[in-house]
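Asks: For the record, the sequence lines run as chains A and B.
Per this note's numbering, the very first residue in the first sequence carries number 1; after that it's consecutive.
Per this note's numbering, the very first residue in the second sequence carries number 345; after that it's consecutive.
First the structure, which I've put down as structure tokens, then a few questions once you've had a look.
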Amino acid sequence: MTHLSMIPAIAESHNVFLGFDFSNPWVLLGLKLAAVMVFFLTAPLGVGYAEHKILAHMQARLGPMEAGRFHGWAQLIADGVKFIQKEDIVPSAADKAVFVIAPAMVLVPAIMLFVVLPLGPNGFWVENMDLGLFFALAISSISVIGMLAAGWASANKFSLIGAIRGAAQLIAYELPLVLAGAAVAMQAGTLSLPGIVEAQQNYWFVFPQIFGFGLFVTASLAELSRPPFDMPIADSEIIFGHMTEYTGIKFAFFLLAEYAGIVALSILAVVLYLGGWQGLPFINFIPGPLWTLAKVGALAFFIIWLRATYPRLREDQLQKMAWKYMIPIALVNILLTGIFKVVF
Amino acid sequence: MAIEKKELEPVQPTRKEQMLARFKEIEKKIAEKKVIGPAYGLAKGLSITLKTMTRRAVTQQYPHEVPDLPPRTRGVIALKEENCTVCMLCSRECPDWCIYIDSHKEQVPPKTPGARPRTRNMLDRFAIDFSLCMYCGICVEVCPFDALFWSPHFEYSETDINNLIHEMPTLAEWVNHVKPPPPLDEGAQPEPEADKEAKVFEAGGAVAAAPAASGAPAGTATTPAREAAPGPAAAGSAESTPAGEASAPAEAEAAAAKAEAPAEAKHDEGPVEIDEETYQAELAAGKPERVARAMAKKAFVIKRRKQG
Numbered sequence: 001m002t003h004l005s006m007i008p009a010i011a012e013s014h015n016v017f018l019g020f021d022f023s024n025p026w027v028l029l030g031l032k033l034a035a036v037m038v039f040f041l042t043a044p045l046g047v048g049y050a051e052h053k054i055l056a057h058m059q060a061r062l063g064p065m066e067a068g069r070f071h072g073w074a075q076l077i078a079d080g081v082k083f084i085q086k087e088d089i090v091p092s093a094a095d096k097a098v099f100v101i102a103p104a105m106v107l108v109p110a111i112m113l114f115v116v117l118p119l120g121p122n123g124f125w126v127e128n129m130d131l132g133l134f135f136a137l138a139i140s141s142i143s144v145i146g147m148l149a150a151g152w153a154s155a156n157k158f159s160l161i162g163a164i165r166g167a168a169q170l171i172a173y174e175l176p177l178v179l180a181g182a183a184v185a186m187q188a189g190t191l192s193l194p195g196i197v198e199a200q201q202n203y204w205f206v207f208p209q210i211f212g213f214g215l216f217v218t219a220s221l222a223e224l225s226r227p228p229f230d231m232p233i234a235d236s237e238i239i240f241g242h243m244t245e246y247t248g249i250k251f252a253f254f255l256l257a258e259y260a261g262i263v264a265l266s267i268l269a270v271v272l273y274l275g276g277w278q279g280l281p282f283i284n285f286i287p288g289p290l291w292t293l294a295k296v297g298a299l300a301f302f303i304i305w306l307r308a309t310y311p312r313l314r315e316d317q318l319q320k321m322a323w324k325y326m327i328p329i330a331l332v333n334i335l336l337t338g339i340f341k342v343v344f
Numbered sequence: 345m346a347i348e349k350k351e352l353e354p355v356q357p358t359r360k361e362q363m364l365a366r367f368k369e370i371e372k373k374i375a376e377k378k379v380i381g382p383a384y385g386l387a388k389g390l391s392i393t394l395k396t397m398t399r400r401a402v403t404q405q406y407p408h409e410v411p412d413l414p415p416r417t418r419g420v421i422a423l424k425e426e427n428c429t430v431c432m433l434c435s436r437e438c439p440d441w442c443i444y445i446d447s448h449k450e451q452v453p454p455k456t457p458g459a460r461p462r463t464r465n466m467l468d469r470f471a472i473d474f475s476l477c478m479y480c481g482i483c484v485e486v487c488p489f490d491a492l493f494w495s496p497h498f499e500y501s502e503t504d505i506n507n508l509i510h511e512m513p514t515l516a517e518w519v520n521h522v523k524p525p526p527p528l529d530e531g532a533q534p535e536p537e538a539d540k541e542a543k544v545f546e547a548g549g550a551v552a553a554a555p556a557a558s559g560a561p562a563g564t565a566t567t568p569a570r571e572a573a574p575g576p577a578a579a580g581s582a583e584s585t586p587a588g589e590a591s592a593p594a595e596a597e598a599a600a601a602k603a604e605a606p607a608e609a610k611h612d613e614g615p616v617e618i619d620e621e622t623y624q625a626e627l628a629a630g631k632p633e634r635v636a637r638a639m640a641k642k643a644f645v646i647k648r649r650k651q652g
């Protein structure tokens, strides 16, 4: 049994941020907020650009090549500038207040998620909560309310269908996600995310929890409405789901939340299963945060790879997969984890 | 019906059907193995996208590099001025009326001393208004003398719509962009025209005389696109042969008047003589000597064709 107080690096880490000890709490708070915002605004852009390029090359194309001269590296910045310039249209039949606030309801939880995610040892996280895993999984499911609000307020049937689909999908996939995460928490003996990473010192949890890892990645794909689980925004059937009526910067917020979600859930999967900042035993000179980022990059690549490869599932296939297969497997996984935990 | 069906011979499966059957068998085998069944397909899909990613992209970055266009690309219509006889067919067939042609007539001294001087149309202006043109290609299709071509050139946008009227020098310059047609696929049927050219070429000595006698405009019916053709004359004459060949006599007349030599070269050997009987009959009917002689020549050709 690992307990939080048994790990010295975590126990003393309340004033430590990014490896430095801060005595002034306000400076510390400001720095932490700035760090979250900077990471939130850059990492999704990196993933977005990688998606442009990887998707293109997987389809024998080149992707963006012009913006910023060198292989279109500034494409997403240019996109952002374009989104800001666009006309901000609110449909006349829309429920205006809800319509305006919905993108924020999707965006804010995506930012808050980064508060608990640890990138490296010695305070490379903003807050080390005792209930970190619980917080992360709870906050990530708030976005569905924003989605429903957006779909309902748009006064558009495609938006509404998309929102309802999104709600059904998130309810269905929240369960296997939480159950898979619960098994990890049982094995680690803590809900604190840095604590879970520390618990993987000897071996990564992906090995004992291989089914859990599969469930977690699949469920987070569905959670993010990423292909092949993108029925809520299925552009060939329902235009763009809950985002149909959104333009300009509000639309950009939805996209930003989606890519931030990829980063966040990849970090979460890395923390829970792939040993977080723990490197391979022979390569000790690489600092922890780089290990995390490399693993997150690999996972994000995998998510993009899946998008390039698989067609979208049908809505009923999606529900069937969650309720008939993934949730029972997740329950059995918890049961087995519990038995092993007690026996060994 | 059922009995008849039994009597029918079993149809031999085509190659494609055989392949499909084999694929189905493989898929069945994979599907039978319950665990790897779906996993096999999923992994195969992933491997295909990953393989594609490691290969070079096929994109040609157009403004930075010249795109590799197929030889028959329909970019713009080019004019080979020497081939134009001012027959006005293109201009009349154009659905948009976007081809402007001006010409004047000139007297050409006769070939044999003492003969009547000939008049010939001289091209003064040939312009295409590409702001009207809808790129249907009918003009290229109808041109009987291979004066109009599809050129792969496509970079001729203008900032003023008036500048889209392109005159002869520009149109002629675009001919330089025309590429020779690609070779036929293996096992494809030979091009019908190419086949005809070969026949004309085989006819031997008569062919050599053909271009001179055919009165082909400007003497050269060269097609820049058809470099493989046996010679300029052969190409020119082959164009006009089919009409004569399909002859009801009335059509034969037109063909003979237009290009009698090729028709002759195709079917007969030796020079065309005058059918004395017809000649006298036509003269007696009060026709001018020139017409009588033409009719007599035609009659001779028809007669000889009937004989052999």
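Every residue, glycine too, gets a C-beta built ideally from N, C-alpha and C.
Since this is a predicted model, take the numbers as computed values, not measurements.
Taking Trp518 of chain B as the reference, which of B:Asp468, B:Glu499, B:Ala629 and B:Glu530 has the closest Cα?
Replies: B:Glu499
Asks: Assign Phe644 of chain B to one of two classes, buried (16 or more other C-beta atoms within 10 Å of its C-beta) or exposed (fewer than that).
Replies: buried
Asks: Note down, in chain order, each residue of its chain lying with its Cβ closer than 6 Å to the Cβ of Tyr623 of chain B, except the 5 sequence neighbours on either side.
Replies: Ala636 and Ala640
Asks: Please list the terminal residues of the continuous alpha helix (DSSP H) segment that includes Asp468 of chain B.
Replies: Here Asp468 of chain B belongs to no alpha helix (DSSP H); instead the beta strand (DSSP E) covers Arg462 to Asp473.
Asks: Within its chain, find whatever has a CB closer than 7 Å to the CB of Arg418 of chain B; leave out the 5 residues flanking it on each side and keep chain order.
Replies: So the qualifying residues of the chain are Tyr479, Gly481 and Trp494.
Asks: Would Lys642 of chain B be called buried (16 or more neighbouring beta carbons within 10 Å of its own) or exposed?
Replies: buried
Asks: Say whether chain B places a C-beta atom closer than 8 Å to the C-beta of Leu107 of chain A.
Replies: no
Asks: Using a Cβ-Cβ cut-off of less than 8 Å, list which residues of the region 47-65 of chain A approach chain B; keep chain order.
Replies: The region 47-65 of chain A vs chain B, Cβ under 8 Å: Ile54, Ala56, His57, Met58, Gln59, Ala60, Arg61, Leu62 and Met65.
Asks: Is Lys360 of chain B close to chain A? Criterion is C-beta to C-beta, closer than 8 Å.
Replies: It does not: the Cβ of Lys360 of chain B has no partner Cβ on chain A nearer than 8 Å.
Asks: Name the two residues that bound the continuous alpha helix (DSSP H) containing Val484 of chain B.
Replies: From DSSP, the alpha helix (DSSP H) with Val484 of chain B extends over Ile482 to Val486.
Asks: Name the chain B residues that come within less than 7 Å of Tyr310 of chain A, Cβ to Cβ?
Replies: Gly389
Asks: In the DSSP assignment, what are the bridge partners of Trp494 of chain B?
Replies: B:Ile421
Asks: Assuming Gln187 of chain A and Lys295 of chain A form a contact by the criterion Cβ under 8 Å, report the distance between their Cβ atoms to the nearest whole angstrom.
Replies: Gln187 of chain A to Lys295 of chain A, Cβ: 19 Å. No contact.
Asks: Per DSSP, what kind of secondary structure is His510 of chain B in: helix, strand or coil?
Replies: Strand, per DSSP.
Asks: Taking Cβ-Cβ distances shorter than 9 Å, what residues in chain A pair up with Val410 of chain B?
Replies: For the C-beta of Val410 of chain B, not a single chain A residue is nearer than 9 Å; the gap to the nearest is close to 16 Å.
Asks: Who does Ser447 of chain B pair with in a DSSP beta bridge?
Replies: Bridge partners of Ser447 of chain B: B:Leu467.
Asks: Classify Gly120 of chain A as helix, strand or coil using the three-state DSSP reduction.
Replies: strand
Asks: Mapping DSSP to helix, strand and coil, what is Val90 of chain A?
Replies: DSSP places Val90 of chain A in coil when its eight states are reduced to three.
Asks: Quick one: is Ala401 of chain B near chain C, going by C-beta distance under 8 Å?
Replies: This model lacks chain C altogether, as its protein chains are A and B.
Asks: Taking the alpha-carbon positions, what's the Ile89 of chain A to Ser141 of chain A distance?
Replies: 27 Å
Asks: Within 8 Å (strictly less), CB to CB, does Trp305 of chain A reach chain B?
Replies: yes
Asks: So, under 8 Å CB-CB, Val116 of chain A and Leu193 of chain A are touching, yes? Tell me the CB distance rounded to an integer number of Å.
Replies: 6 Å
Asks: Could you check which residue in B:Asn465, B:Gly630 and B:His521 has the C-alpha nearest to that of Gly412 of chain B?
Replies: Note that residue 412 of chain B is Asp in the sequence shown here, rather than Gly. Checking every option, the nearest Cα to that of Asp412 of chain B belongs to B:His521.
Asks: So, for Val178 of chain A: in the same chain, excluding its five sequence neighbours on each side, which residues have a beta-carbon less than 7 Å away from its beta-carbon?
Replies: Answer for Val178 of chain A: Leu137, listed in chain order.
Asks: At which residues does the alpha helix (DSSP H) containing Glu51 of chain A begin and terminate?
Replies: Pro25 to Met58
Asks: Using a 10 Å radius around the Cβ and a threshold of 16 neighbouring Cβ atoms, would you call Pro524 of chain B buried or exposed?
Replies: exposed
Asks: Quick check: the Cα distance between Ile239 of chain A and Ser154 of chain A, rounded to an integer number of angstroms?
Replies: 13 Å
Asks: Please confirm whether Met397 of chain B has its beta-carbon closer than 8 Å to some beta-carbon of chain A.
Replies: yes
Asks: Does the beta-carbon distance from Leu107 of chain A to Ala257 of chain A come in below 8 Å?
Replies: yes
Asks: Can you give the Cα-Cα distance for Lys32 of chain A and Asp316 of chain A, rounded to whole angstroms?
Replies: Those two C-alpha atoms are separated by around 43 Å.
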